[in-house]
Amino acid sequence: MTKEKQIIECENRLLKAMISGDIKILDELLHDSLIFNIPTGQTITKEMDIENYRSGIITVYDILATDQTIKIIENIATVAVTFHLKAKYADQIIDGKFRYLRVWKLFDTSWKIIAGSGIQI
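Heads up: the sequence shown is residues -17 to 103, going by the working numbering.
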């Protein structure tokens, strides 16, 4: 399987884990040193992100990915993607379009997200 197809598979696993709140899969896909800028401007870590799902602070109802661009440079992959997201975050309903950038790094045989950001468009 090509690296690009591996990333597509990882992205699909990530979206399914976000919708189902699957902490185990999120833990597998997020690197321990992850930093991510969420649309509010806050920078979060892996621990913060997983706790948001575990505690119910974030609930994803639906997420539809479009306009995905993937670039591979050796063992690093960058993904730019547009999402239509329906969710709840800290009692606020979210229903809109967002543009996300994620950076994946290959560790042995596992791809993990090491950084990312998202903005509302």
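C-beta: ideal position from N, C-alpha, C; glycine also.
The structure displayed is predicted, hence computed values, not measured ones.
Buried is the label assigned to residue 82, since at least 16 other Cβ atoms lie within 10 Å of its Cβ.
With a beta-carbon spacing of about 15 Å, residue 25 and residue 32 fall beyond the 8 Å limit used to define contacts. By the criterion of a C-beta distance shorter than 6 Å, residue 44 is surrounded in its chain by 68, once the five residues flanking it on both sides are discounted.
Burial check for residue -17: the Cβ neighbour count within 10 Å stays below 16, so the residue is exposed. Shown here, residue 50 sits in a strand according to DSSP, grouped into three states.
Only exposed fits residue -13, as fewer than 16 other CB atoms lie within 10 angstroms of its CB.
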